[in-house]
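Top to bottom, those sequences are chains V and Y. Heads up: the first sequence is residues 1 to 91, going by the numbering used here. Heads up: the second sequence is residues 1001 to 1500, going by the numbering used here. Don't be surprised by glycine CBs; every beta carbon is placed ideally from N, CA and C. Below is one structure; the comments refer to it alone.
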Amino acid sequence: MKEDKTCPACGGKLSLFYLKQTCPHCGVNLLTYNAEARLEQDAQKAAQEVEALWNRLRRLDKAHLIEKHYQKKGKPFPWEAAEEKPAETDE
Amino acid sequence: MEQPKKEVRYVGVKENLLFGLANGGQCFSYGMFSGSYLSLFFVKVFGIPTGAVATMLLILGIWDTVNDPIMGGIVDKTRTRYGKLRPWLLFVPIPLAVSTILFWGGPLLLQNTRELTVKIVYMYISYLLWEFFYTLGDVPYWSLSAALSPSPSDRTRAIATARFLSGLIGGIATVIMLPVMIDLSNTGKISWSLKEVFACCGVISAVFIVGLFSLAGLFVKERVVQQVEETSFFDAFRFLGKNKPLLLIILSNVLGTVSAVAGVFGAFYYTEVLNLMSWNSVVSLVGGLGGLVGMATIALVKKRFDNRQLMILNKVIPAILGTLAFFAGSRRYDVWYIVIPIIAAKNILCGVFDAYNSVVSTEIIGDTVDYMEWKTGIRNEGMAFSVLTFVGKLQGRLSTSLGTALLPVIGYFVTEQLKPDGTTVTVSRCTEAFGQPTQFWLWAFFTVFPAITSLLSIIPFRFYTLRGDKMREIRAEMKERRLALAAEATTNGGTSDEGR
């Protein structure tokens, strides 16, 4: 909800109960403005969270079962794949 | 098969989890309203005659045919800075919680009322109210599964998490809390009457709604860029007719409605034949293992089968298992140590396919939304997902109504007796029908009948074409169009007249 409090274009404050699509300060469309850049930000944030999750699982995996499994399959480790993901294309 | 390459992930781990937890809160409440307990509540706890209950469920089922698409149309017309779905999810939890308490607390509130008419009127009003607010939350919630990300694997993950957590948290209500409390009350281990048990469960449900269901509106974003201008309310209905794949899904679900009566007869089978409702908890918990396997393997299975093939498999295999279970227990259906292992084994295997079905059946609705956007330029998540919720509820109502109406036909009767203290007690009686005891029919309607009738729902999928390369082409083209739309809004400052 943090990003809902200010306009992404002019930084003007927005009330939580202000529902209209356009910013009352600069008139920009709050939903579509800079949507692509915001999607990229979300992708980076998601990749970081996935990486953190895998690292947490690695710490729990004392027998290195995950590493052994991926080595056996000849695939990159999921924590490495998570780091690479944002650079790949959607389709 | 449908996702050969890795895709960008936009929905983080936390957001995914919160989306799932929200569904858990919602399903905790909905689980109590499912066919198994609703009939039992009205007939045995509220003391309303089966005929009146069956009629009400039928009437409200018909009301749902109007209610859900109207809600879908309203959602599709909504345009706010939070999106078109989130505002509803922020508003609904509180009134839904209040209406849940009023519904389950009915028998307690009216315990000194002997007038049957008052009880029936209360039943209609409280159910209608709950139904209204539930729809107001359910349609936007499932619509959000298609709007939270443009990436299909994000959607699959979100739906799978939601289904898994809803099964887990919802299961606490339907599989553990209610049956155990009913048994404790029936056996006198707790001093509460069934009226108090249901009222207490209603309050717990309300807490889950406020605590968990609110999370979707608070923390989950809408990321699919949509056209800025509002669509007219009737456009949503017009486009529904043009969406052939969606119409096929509706037809399939309607054909599968009759198979849902198993839920109604299940509750009566456990209480009247095995005399212990908690068996339901045992076999459902064991069956939950199958669900876990299903959720864990769905990504692997989706590499081998497309959505259409999975939808067909999900009907055929449970049908075979249900038929086998019926024959395996048809001579000793009243002996718990014979039937419980049979039902448990069936539930484990069916649980795997139920898990696939719960994810794929939601995902294909999202596919039809993408398809319509590709075809007409307009996304109508609200209308498309209202169909999903409508059919789900229609199945519940019609099957409960049909199941309740069938009870006297198979020789099951309920009568009210006046106690010396002036209160009434409900007494049930099993007789026989068509040369077989009622208990046999309860077993048959619980196992083989739904299994066979569910096969009808496969037919429409013969004509379903949204899969493989066609779906990939649609998504690629839609991605380009959305990027262009977002770029246009950004370069123009997003200040087009339509946006105002």
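Practice task
Return helix, strand or coil for F1042/Y, following the three-state DSSP convention.
Solution key: As a working mapping, residue 1042/Y is identified with position 42 in the second sequence. If DSSP states are grouped into helix, strand and coil, F1042/Y belongs with the helices.
Practice task
Taking only the alpha-carbon atoms, compute the straight-line gap between T1389/Y and L1300/Y and give it to the nearest angstrom.
Solution key: Residue mapping note: residue 1389/Y aligns to position 389 of the second sequence, counting from 1. Residue mapping note: residue 1300/Y aligns to position 300 of the second sequence, counting from 1. If you take the alpha carbons of T1389/Y and L1300/Y, they lie about 27 Å apart.
Problem - Closer than 7 Å to chain Y by CB, K45/V - result: The sequence position of residue 45/V within the first sequence is 45, counting from 1. Answer yes: the Cβ-Cβ gap between K45/V and chain Y drops below 7 Å somewhere.
Practice task
Please check if any C-beta of chain Y sits within less than 7 Å of the C-beta of Q21/V.
Solution key: In the first sequence, the residue the question calls residue 21/V occupies position 21. Yes, Q21/V counts as interfacial toward chain Y.
Handout entry: Element boundaries [beta strand (DSSP E), containing E1416/Y]
Key = Translated into the one-based positions of the second sequence, residue 1416/Y becomes position 416. Start and end: Y1412 to L1418.
Handout entry: Contact belief for L1246/Y with F1463/Y at Cβ below 8 Å, rounded distance in angstroms
Key = Position 246 of the second sequence, counting from 1, holds the residue named residue 1246/Y. Position 463 of the second sequence, counting from 1, holds the residue named residue 1463/Y. With a Cβ gap of about 12 Å, L1246/Y and F1463/Y do not count as contacting.
Exercise for the section: Measure the alpha-carbon distance for A1487/Y versus D1235/Y and round it to whole angstroms. Expected result: Residue 1487/Y sits at position 487 when you count from the first residue of the second sequence. Residue 1235/Y sits at position 235 when you count from the first residue of the second sequence. Going by the C-alpha atoms only, they are around 26 Å apart.
Problem - Cross-strand partners of E1432/Y (DSSP beta bridge) - result: Here the question's residue 1432/Y lines up with position 432 in the second sequence. Its beta-bridge partners are P1437/Y.
Practice task
Please list, in chain order, all residues of the same chain as I1209/Y whose beta carbon is under 6 Å from its beta carbon, the five residues on each side excluded.
Solution key: Against the second sequence, residue 1209/Y aligns to sequence position 209. For I1209/Y, where only same-chain residues beyond five positions count, the Cβ hits under 6 Å are G1025, S1029, P1093, L1096 and A1097.
Exercise for the section: Measure from the C-beta of V1369/Y to each C-beta in chain V and report whether the shortest distance is under 7 Å. Expected result: Translated into positions along the second sequence, residue 1369/Y becomes position 369. It does not: the Cβ of V1369/Y has no partner Cβ on chain V nearer than 7 Å.
Practice task
Verify whether the separation of the beta carbon atoms of T1415/Y and S1039/Y is less than 7 Å.
Solution key: In the second sequence, residue 1415/Y corresponds to position 415, counting from 1. In the second sequence, residue 1039/Y corresponds to position 39, counting from 1. No. Outside cutoff.
Exercise for the section: Answer with buried or exposed for E91/V, where buried requires no fewer than 16 other C-beta atoms within 10 angstroms of its C-beta. Expected result: Here residue 91/V is taken as the residue at index 91 of the first sequence, counted from 1. Low confidence applies to E91/V: its pLDDT is 38, below 50, so where it sits in the model is not reliable, and the reading given next is rough at best. E91/V comes out buried.
Practice task
Name, in chain order, the residues that DSSP records as bridge partners for V1425/Y.
Solution key: As a first step, residue 1425/Y is located in the second sequence; it is residue number 425 there, counting from the start. Answer is Q1417/Y.
Handout entry: Beta carbon proximity, G1211/Y to chain V, threshold 7 Å
Key = One-based indexing of the second sequence puts residue 1211/Y at position 211. It does not; no Cβ of chain V falls within 7 Å.
Exercise for the section: Assign G1083/Y to one of three DSSP states: helix, strand, or coil. Expected result: As a working mapping, residue 1083/Y is identified with position 83 in the second sequence. Here G1083/Y sits in strand by DSSP.
Exercise for the section: Determine the DSSP secondary structure at K1189/Y, reduced to helix, strand or coil. Expected result: Within the second sequence, numbered from 1, the residue matching residue 1189/Y stands at position 189. Coil at K1189/Y, not helix or strand.
Exercise for the section: Just the C-alpha distance for L31/V and R1009/Y, rounded to the nearest angstrom, thanks. Expected result: The residue given as residue 31/V occupies position 31 in the first sequence. The residue given as residue 1009/Y occupies position 9 in the second sequence. Cα to Cα, L31/V sits roughly 20 Å from R1009/Y.
Problem - For W79/V and R56/V, the rounded distance between their alpha carbons - result: Taking the first residue of the first sequence as 1, we reach residue 56/V at position 56. Taking the first residue of the first sequence as 1, we reach residue 79/V at position 79. Their Cα atoms are separated by approximately 10 Å.
Handout entry: 7 Å Cβ cutoff, T6/V in contact with chain Y
Key = Taking the first residue of the first sequence as 1, we reach residue 6/V at position 6. No, T6/V lies away from the interface with chain Y (no Cβ there is under 7 Å from its Cβ).
Problem - Closest by C-alpha distance to P8/V, when choosing among N29/V, K75/V, K62/V and L16/V - result: By one-based count along the first sequence, residue 8/V stands at place 8. Taking only the C-alpha atoms, the option nearest P8/V is N29/V.
Handout entry: CB contact below 7 Å: E80/V versus chain Y
Key = Locating residue 80/V in the first sequence gives position 80, where the first residue counts as 1. No, E80/V lies away from the interface with chain Y (no Cβ there is under 7 Å from its Cβ).
Problem - Identified DSSP bridge partners for N29/V - result: Locating residue 29/V in the first sequence gives position 29, counting from the first residue. As a beta-bridge residue in DSSP terms, N29/V pairs with T22/V.
Handout entry: Given 8 Å, three or more beta-carbon pairs between the segment 1426-1443 of chain Y and the segment 1453-1462 of chain Y
Key = Too few Cβ pairs lie closer than 8 Å, so no.
Handout entry: Residues that T6/V bridges to, as DSSP identifies them
Key = Residue mapping note: residue 6/V aligns to position 6 of the first sequence, counting from 1. Paired residues: K13/V.
Handout entry: Contacting positions in the segment 1055-1086 of chain Y - beta carbon closer than 8 Å to chain V
Key = R1079, T1080, R1081, Y1082 and G1083
Exercise for the section: Indicate whether L1089/Y and P1152/Y have their beta-carbon atoms separated by less than 7 Å. Expected result: As a working mapping, residue 1089/Y is identified with position 89 in the second sequence. As a working mapping, residue 1152/Y is identified with position 152 in the second sequence. The answer is no: Cβ separation not under 7 Å.
Practice task
Taking all protein chains shown into account, decide if D148/V is buried (16 or more other Cβ within 10 angstroms of its Cβ) or exposed.
Solution key: There is simply no residue 148/V to check, as chain V begins at 1 and stops at 91 in what is shown.
Handout entry: Collapsed DSSP secondary structure at A1236/Y in the structure displayed
Key = The count along the second sequence starts at 1 and reaches residue 1236/Y at position 236. Of the three classes helix, strand and coil, the one that applies to A1236/Y here is helix, per DSSP.
Practice task
Let me know if K1419/Y comes out buried or exposed under the rule of 16 or more other beta-carbons within 10 Å of its beta-carbon.
Solution key: Position 419 of the second sequence, counted from the first residue, corresponds to residue 1419/Y. Label assigned to K1419/Y: exposed.
Exercise for the section: Would you check if the distance between the CB atom of F1213/Y and the CB atom of A1022/Y is smaller than 7 Å? Expected result: Here residue 1213/Y is taken as the residue at index 213 of the second sequence, counted from 1. Here residue 1022/Y is taken as the residue at index 22 of the second sequence, counted from 1. Their beta carbons are under 7 Å apart, which means F1213/Y touches A1022/Y by this criterion.
Problem - Nearest-angstrom Cα separation, counted from T1055/Y out to L1178/Y - result: Here the question's residue 1178/Y lines up with position 178 in the second sequence. Here the question's residue 1055/Y lines up with position 55 in the second sequence. Approximately 25 Å between the Cα atoms of the pair.
Practice task
Give me the Cα-Cα distance between T1490/Y and V1369/Y, rounded to the nearest whole angstrom.
Solution key: As a position in the second sequence, residue 1490/Y is number 490, starting the count at 1. As a position in the second sequence, residue 1369/Y is number 369, starting the count at 1. T1490/Y and V1369/Y have their C-alpha atoms spaced approximately 25 Å apart.
Exercise for the section: Tell me whether the beta-carbon of T1453/Y lies closer than 7 Å to the beta-carbon of I1410/Y. Expected result: To locate residue 1453/Y, count along the second sequence from 1; it is residue 453. To locate residue 1410/Y, count along the second sequence from 1; it is residue 410. Their beta carbons are not under 7 Å apart, which means T1453/Y does not touch I1410/Y by this criterion.
Exercise for the section: Enumerate in chain order the residues of its own chain whose CB-to-CB distance from D1334/Y is below 6 Å, with the five nearest sequence positions on each side excluded. Expected result: On the second sequence, residue 1334/Y is found 334 positions in, with the first residue counted as 1. If we look at D1334/Y and ignore the five residues flanking it on each side, its Cβ neighbours are V1273 and Q1439.
Practice task
Under 7 Å between beta-carbons, which chain V residues line up against G1377/Y? List them in chain order, please.
Solution key: Here residue 1377/Y refers to the residue found at position 377 of the second sequence. Per Cβ cutoff of 7 Å: no residues; G1377/Y is ~15 Å from chain V at best.
Handout entry: D61/V, DSSP secondary structure in three states
Key = Walking along the first sequence from the start, residue 61/V turns up at place 61. Looking at D61/V - three-state DSSP - the assignment turns out to be coil, as it is neither helix nor strand.
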